[in-house]
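Enquirer: Protein chains in written order, with this note's numbering: chain A, 1 to 140; chain B, 1001 to 1140.
2 protein chains.
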Amino acid sequence: MARAITEVDALEVIRAGHTGRLGCIDNNEPYVVPINYLLDDGAIYSHSLPGKKTNAMRAHRRVCVQVDDVEGDFGWRSAIAFGDFEEIDQEYERQVFLTKLLSIFPKLTPVESTMAHDAAAPDSIVFRIVIDRVTGVEEE
Amino acid sequence: MARAITEVDALEVIRAGHTGRLGCIDNNEPYVVPINYLLDDGAIYSHSLPGKKTNAMRAHRRVCVQVDDVEGDFGWRSAIAFGDFEEIDQEYERQVFLTKLLSIFPKLTPVESTMAHDAAAPDSIVFRIVIDRVTGVEEE
């Protein structure tokens, strides 16, 4: 049976993961997409080209990110972090996190890699989700 | 760059997968959990013990299931099916799908396996999501 894990352990699942599933609400309908992310100081950072996902988060800021570890030594663990979407508009901070994200995920496309080195590229949206609640379960 | 795939290909990603991420809405907040499922005649079937997930779906029937295939020959593909939650109350149909689900996913816990052979076990909720829209993207 699955059982709850502590907030600390749930946050560790999020920290250890690199790919999660972002859940957002689009016109009263749930929408889920895979994202690459990094955890920094209690917030999940990611980036995206403009589209359905970013439109949905701008319209309904409450989102979640679910991360699981099914290959680990602990059977499986799944964690979910809830928080509010915040777009990073300040250009220096935007570049710092875009560069960090691209250094962690080298398999990004050439277009995205170009963006990281082109401060004029306006299209890539960098955002954070400030976590205010995290829960998790595990099954051994 | 990711590009859209056809509905037929997106449904094939769903059919080929066994684990997806169910997205639902819980008190105006998105909620995402991994589920095992099977696709049968245009609907996703799964089961769950009572809890947050089933409470959320009963209160807000509009849900989605996201499935991705990152290990395939096609780079990666991700698909998302949208539909309405329907609880399967009719006992014969409930047993048929519970047995099918448990035959596909032999790693279920002893408690769940017991349920499959015990028609009196009332706790396990069997449900389907009748798909009315499916979309997908791929990146080679």
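Note that CB positions come from ideal geometry on N, CA and C, so glycine has one too.
Keep in mind it's a predicted model, so treat the numbers as computed, not measured.
1) Examine chain A for any beta-carbon lying closer than 9 Å to the beta-carbon of serine 1078 (chain B), and answer yes or no.
2) Is valine 8 (chain A) helix, strand or coil when you go by DSSP?
3) Between tyrosine 1031 (chain B) and the rest of its own chain, which residues show a CB-CB distance below 8 Å, the 5 nearest in sequence each way excluded?
4) Along the chain, where does the beta strand (DSSP E) containing valine 1096 (chain B) start, and where does it finish?
5) Going along the chain, which residues of the stretch 26-38 of chain A sit with their C-beta nearer than 9 Å to a C-beta in chain B?
6) Taking contact to mean at least 3 C-beta pairs separated by less than 8 Å, is the stretch 1120-1136 of chain B in contact with the stretch 1063-1082 of chain B?
7) Exposed or buried, glutamine 1066 (chain B), counting other C-beta atoms within 10 Å across all chains shown (16 or more means buried)?
8) Looking at chain A, which residues of the stretch 1044-1077 of chain B have a Cβ within less than 7 Å of any of its Cβ atoms?
9) Name the two residues that bound the continuous alpha helix (DSSP H) containing asparagine 36 (chain A).
10) List the residues of chain A whose Cβ lies closer than 7 Å to the Cβ of glycine 1023 (chain B), in chain order.
11) For phenylalanine 1082 (chain B), which residues in chain A fall below 9 Å Cβ to Cβ?
12) Is isoleucine 25 (chain A) helix, strand or coil when you go by DSSP?
13) Can leucine 1049 (chain B) and isoleucine 1125 (chain B) be called in contact, C-beta distance under 9 Å?
14) State yes or no: is the C-beta of tryptophan 76 (chain A) within less than 9 Å of the C-beta of glutamate 138 (chain A)?
15) Have a look at B:Asp1068, B:Ser1078, B:Arg1058, B:Leu1039 and flag the residue whose alpha-carbon is nearest the alpha-carbon of lysine 1100 (chain B).
16) From A:Gln95, A:Glu91, A:Glu87, A:Pro34, pick the residue whose C-alpha is nearest to that of glycine 17 (chain A); which is it?
17) Take isoleucine 1005 (chain B) as the anchor and find which of B:Phe1097, B:Ser1078, B:Glu1093, B:Val1096 has the nearest alpha-carbon.
18) List the residues that DSSP assigns as beta-bridge partners of histidine 1047 (chain B).
19) Assign serine 1046 (chain B) to buried or exposed, taking buried as 16 or more other Cβ atoms, counted over all protein chains shown, within 10 Å of its Cβ.
20) Roughly how far, in whole angstroms, is the beta-carbon of asparagine 1028 (chain B) from the beta-carbon of arginine 62 (chain A), given that I think they are within contact range, below 8 Å?
Expert: According to the structure data:
1) Start at 1 with the first residue of the second sequence, and residue 1078 (chain B) comes out as number 78. For serine 1078 (chain B), the answer is yes, since a Cβ of chain A falls inside 9 Å of its Cβ.
2) Within the first sequence, numbered from 1, the residue matching residue 8 (chain A) stands at position 8. Residue state, collapsed to three classes: helix.
3) Position 31 of the second sequence, counted from the first residue, corresponds to residue 1031 (chain B). So the list reads Gly1023, Cys1024, Ile1025, Lys1052, Lys1053, Ala1056, once near-sequence residues are dropped.
4) The residue you call residue 1096 (chain B) lines up with position 96 of the second sequence. Unbroken run through valine 1096 (chain B) is the alpha helix (DSSP H), 1091-1104; no beta strand (DSSP E).
5) Asn28, Glu29, Pro30, Tyr31, Val32, Val33, Pro34
6) yes
7) Numbered from 1 along the second sequence, position 66 holds the residue referred to as residue 1066 (chain B). Buried, since its Cβ has 16 or more Cβ neighbours within 10 Å.
8) Arg1062, Val1063, Cys1064, Gln1066, Asp1068
9) Working through the first sequence from its first residue, we reach residue 36 (chain A) at position 36. Asparagine 36 (chain A) -> not in any alpha helix (DSSP H); beta strand (DSSP E) instead, spanning 29-36.
10) Here residue 1023 (chain B) refers to the residue found at position 23 of the second sequence. Near glycine 1023 (chain B) (Cβ distances below 7 Å), the residues of chain A are Gly23, Pro30, Tyr31, Val32.
11) Translated into the one-based positions of the second sequence, residue 1082 (chain B) becomes position 82. Going along chain A in sequence order, the residues near phenylalanine 1082 (chain B) (Cβ under 9 Å) are Glu29, Pro30, Tyr31.
12) Walking along the first sequence from the start, residue 25 (chain A) turns up at place 25. Three-state DSSP puts isoleucine 25 (chain A) in a strand.
13) Stepping through the second sequence from its first residue, residue 1049 (chain B) is reached at position 49. Stepping through the second sequence from its first residue, residue 1125 (chain B) is reached at position 125. Result yes, Cβ atoms of leucine 1049 (chain B) and isoleucine 1125 (chain B) sit closer than 9 Å.
14) Start at 1 with the first residue of the first sequence, and residue 76 (chain A) comes out as number 76. Start at 1 with the first residue of the first sequence, and residue 138 (chain A) comes out as number 138. Contact flag set, yes.
15) For the purposes of this step, residue 1100 (chain B) is identified with residue 100 of the second sequence, where counting begins at 1. Checking every option, the nearest Cα to that of lysine 1100 (chain B) belongs to B:Leu1039.
16) Sequence index remark: in the first sequence, residue 17 (chain A) carries index 17 (1-based). Per the Cα distances, A:Pro34.
17) The sequence position of residue 1005 (chain B) within the second sequence is 5, counting from 1. Ranking the options by Cα distance to isoleucine 1005 (chain B), first place goes to B:Ser1078.
18) By 1-based counting over the second sequence, the position of residue 1047 (chain B) is 47. According to DSSP, histidine 1047 (chain B) bridges with B:Val1126.
19) As a position in the second sequence, residue 1046 (chain B) is number 46, starting the count at 1. Classification for serine 1046 (chain B): buried.
20) Along the second sequence, read from residue 1 onward, the residue named residue 1028 (chain B) stands at position 28. Along the first sequence, read from residue 1 onward, the residue named residue 62 (chain A) stands at position 62. Right, their Cβ atoms sit about 7 Å apart.
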